[in-house]
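S.K.:
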Amino acid sequence: MKVLAVDTSTVIATCAVMEDENLLGEYSLNQNMSHSENLVPMIKEVLDSLKLHVRDIDLYGVAVGPGSFTGLRIGIATVKAFAHVYNKPIVGISTLEALAFNLSFNGLIVPMIDARRNRVYTGIYRWKRDRLINVMEPTVMDINNLIETLPKEENILVNGNAVYIHKDHIKDKLGDRVHFAQNIHNHCRALSVAELALKKVDNTGNANYYNLVPEYIKESQAQGELRKKESDII
Numbered sequence: 002m003k004v005l006a007v008d009t010s011t012v013i014a015t016c017a018v019m020e021d022e023n024l025l026g027e028y029s030l031n032q033n034m035s036h037s038e039n040l041v042p043m044i045k046e047v048l049d050s051l052k053l054h055v056r057d058i059d060l061y062g063v064a065v066g067p068g069s070f071t072g073l074r075i076g077i078a079t080v081k082a083f084a085h086v087y088n089k090p091i092v093g094i095s096t097l098e099a100l101a102f103n104l105s106f107n108g109l110i111v112p113m114i115d116a117r118r119n120r121v122y123t124g125i126y127r128w129k130r131d132r133l134i135n136v137m138e139p140t141v142m143d144i145n146n147l148i149e150t151l152p153k154e155e156n157i158l159v160n161g162n163a164v165y166i167h168k169d170h171i172k173d174k175l176g177d178r179v180h181f182a183q184n185i186h187n188h189c190r191a192l193s194v195a196e197l198a199l200k201k202v203d204n205t206g207n208a209n210y211y212n213l214v215p216e217y218i219k220e221s222q223a224q225g226e227l228r229k230k231e232s233d234i235i
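Count along the sequence shown from 1, then add 1; that gives the number in our numbering.
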């Protein structure tokens with residue numbers, strides 16, 4: 002089974018093609034959120050290099066957030082269009098789960114994506130019998146509240162782009178029991194999205210493109226302003 006996966010949830014756009022459990026090609030580009038211009042050419046370049054066409058793909062995977070509202074819409078809309086045109090299944094993958102999937106660790110894995118204003122998108126995961134288990138559902142939290150939430154007796158591995166902002170503070174609060182992933186693991190890889198999509202395709206309820214929506218977790222600025230206007234009118 003050939004899988005095409007995409008992640009546009011952060012400033013880095015990434016796409017990958019797998020066949021069964023083998024990586025065929027992967028492309029990542031950090032271009033200041035210009036995903037609307039770069040994503041389709043990136044996908045075409047990877048497929049052309051492999052002498053493949055979008056019609057050859059059997060399954061699509063896409064990161065559904067949390068992350069950039071605009072970025073998520075671009076990635077999801079692109080992959081949904083492919084799935085619709087070629088009538089192929091599509092699986093949405095949490096960006097946080099994909100980040101945690103990058104890592105092997107005997108303890109808790111805590112991916113963090115910057116949500117601004119001292120907040121992070123986060124979840125808690127651990128490996129159990131070769132399966133990544135979700136311990137805490139994805140949410141948005143103040144960084145200090147998250148630190149207080151973490152179990153006191155567990156070793157913790159942190160990754161994600163929020164590490165660049167909060168690393169010193171986390172280390173100061175948690176001491177030697179906290180570990181930080183190498184920088185290369187602080188960004189979601191489309192390969193992880195592809196692997197997770199392949200694992201979940203037989204068990205997911207959102208393999209149909211109609212059901213796939215972004216996981217924003219919090220309101221976008223536009224949604225917040227609209228809600229405020231509606232409440233003012235009422």
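From the three backbone atoms N, C-alpha and C, an ideal C-beta is built for every residue, glycine too.
Because the structure is a prediction, the values reported are computed rather than measured.
#1: Distance check for Asp59 and Val164, CA to CA, integer angstroms please.
#2: The beta strand (DSSP E) with Pro112 in it runs from where to where?
#3: What is the C-beta distance between Ala17 and Leu40, in whole angstroms, given that I count them as a contact (C-beta under 8 Å)?
#4: Name the residue from Leu147, Ile114, Phe102, Glu138 whose alpha carbon lies nearest to the alpha carbon of Trp128.
#5: So Arg56 and Tyr28 are in contact, right, with Cβ under 8 Å, and what is the actual spacing, rounded?
#6: Would you call the segment 75-90 and the segment 148-159 in contact, with 3 or more CB pairs under 8 Å?
#7: If you run the structure through DSSP and keep just helix, strand and coil, what is Gly93?
#8: Check Gly26 in the structure and name its three-state DSSP category.
#9: Excluding five sequence neighbours on each side, which residues of the same chain lie with their C-beta closer than 7 Å to the C-beta of Ile75?
#10: Using 10 angstroms around the beta-carbon of Gly206, count the other beta-carbons present and answer buried if the total reaches 16, otherwise exposed.
#11: DSSP three-state label for Phe83, please.
#12: For Gly26, which of Gln32, Asn33, Ala6, Thr11 has the nearest alpha-carbon?
#13: DSSP state of Gly62, grouped into three classes?
#14: Count the other CB atoms within 10 Å of the CB of Gly176; is the residue buried (16 or more) or exposed (fewer)?
#15: Taking all protein chains shown into account, decide if His188 is buried (16 or more other Cβ within 10 angstroms of its Cβ) or exposed.
#16: So for Asn207, helix, strand or coil by DSSP?
M.R.: Once the coordinates are examined:
#1: Straight across, the Cα-Cα distance linking Val164 with Asp59 is about 36 Å.
#2: 109-117 is the extent of the beta strand (DSSP E) around Pro112.
#3: That pair is no contact at about 13 Å.
#4: Checked all of Leu147, Ile114, Phe102, Glu138; the closest Cα to Trp128 is Phe102.
#5: Between Arg56 and Tyr28, the beta carbon gap of about 19 Å keeps them out of contact (Cβ cut-off 8 Å).
#6: The segment 75-90, when compared against the segment 148-159, does not touch it at the 8 Å Cβ threshold.
#7: In the displayed model, Gly93 falls within a strand according to three-state DSSP.
#8: In the structure shown, Gly26 adopts extended strand secondary structure according to DSSP, grouped into three states.
#9: So the qualifying residues of the chain are Thr9, His36, Ser37, Leu40.
#10: Bear in mind that the predicted position of Gly206 carries a pLDDT of just 46, short of 50, making it too unreliable to give a figure here.
#11: In this structure, Phe83 counts as helix in the three-state DSSP scheme.
#12: The shortest C-alpha separation from Gly26 is found at Ala6.
#13: Three-state result, Gly62: strand.
#14: A residue is called buried once 16 or more other Cβ atoms fall within 10 Å of its Cβ, and Gly176, having fewer, is exposed.
#15: Buried.
#16: Below a pLDDT of 50, predicted positions are generally treated as unreliable, and Asn207, at 49, falls in that range; the measurement from the model is reported next regardless. Residue state, collapsed to three classes: coil.
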